[in-house]
Amino acid sequence: MTMQENLIKEFRDTFTRMTLNELTNLCDIERTRLFRIFNGYEMKISEYEKIKACLTTELGNESSLERVASDCVNSFKERECLKISDQLRRKMRWLELIHSSRKISEINRAA
3 MTMQENLIKE
13 FRDTFTRMTL
23 NELTNLCDIE
33 RTRLFRIFNG
43 YEMKISEYEK
53 IKACLTTELG
63 NESSLERVAS
73 DCVNSFKERE
83 CLKISDQLRR
93 KMRWLELIHS
103 SRKISEINRA
113 A
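Heads up: take any position in the sequence shown, counting from 1, add 2, and you land on the numbering used here.
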């Protein structure tokens, strides 16, 4: 899933009982534009930010990881940010390898 798809899914899951008109008033995005975004049209960065802001307001503050990542991007040079993102990617790759090896061992036990 793309970032846009994830955001729209989270948005729809959070505001399940609101009508399209109520959502347009909440986000300050035109109704037809929001309808198109919900149906797969690519959104502009400003629209993404508005929807993200609505979610952040509704769900409380953004996660501490998102906050720290944002601070890093704003404070560090690009080279330092790349080092941090590489560390996170390695950690995720390690996690994927652990899960895949568990799945393989479970398959071997079942056989």
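C-beta atoms are modelled at their ideal positions from N, C-alpha and C, and glycine is treated no differently.
Note that the coordinates shown come from a computational prediction; the quantities given were computed from them, not determined experimentally.
Where the alpha helix (DSSP H) through residue i begins and ends
| i | result |
| --- | --- |
| residue 15 | 5 to 16 |
| residue 24 | 22 to 29 |
Cβ neighbours of residue i in the same chain (closer than 7 Å, five flanking residues each side left out)
| i | result |
| --- | --- |
| residue 73 | none |
Where residue i sits in the DSSP three-state scheme
| i | result |
| --- | --- |
| residue 43 | coil |
| residue 92 | helix |
| residue 78 | coil |
| residue 51 | helix |
| residue 32 | coil |
| residue 104 | helix |
| residue 19 | coil |
Reference residue i, options the options, closest by Cα
| i | options | result |
| --- | --- | --- |
| residue 68 | 81, 87, 79 | 87 |
| residue 44 | 5, 76, 21 | 5 |
| residue 40 | 58, 55, 21 | 21 |
Contact test: residue i Cβ vs the ligand NAP heavy atom, cutoff 7 Å
| i | result |
| --- | --- |
| residue 55 | This structure lacks the ligand NAP; in fact it carries no ligand of any kind. |
Whole-angstrom C-beta distance between residue j and residue i, which should lie under 8 Å
| i | j | result |
| --- | --- | --- |
| residue 33 | residue 23 | 6 Å |
Proximal residues to residue i (C-beta, below 8 Å), its chain only, five neighbours per side dropped
| i | result |
| --- | --- |
| residue 83 | 74, 75 |
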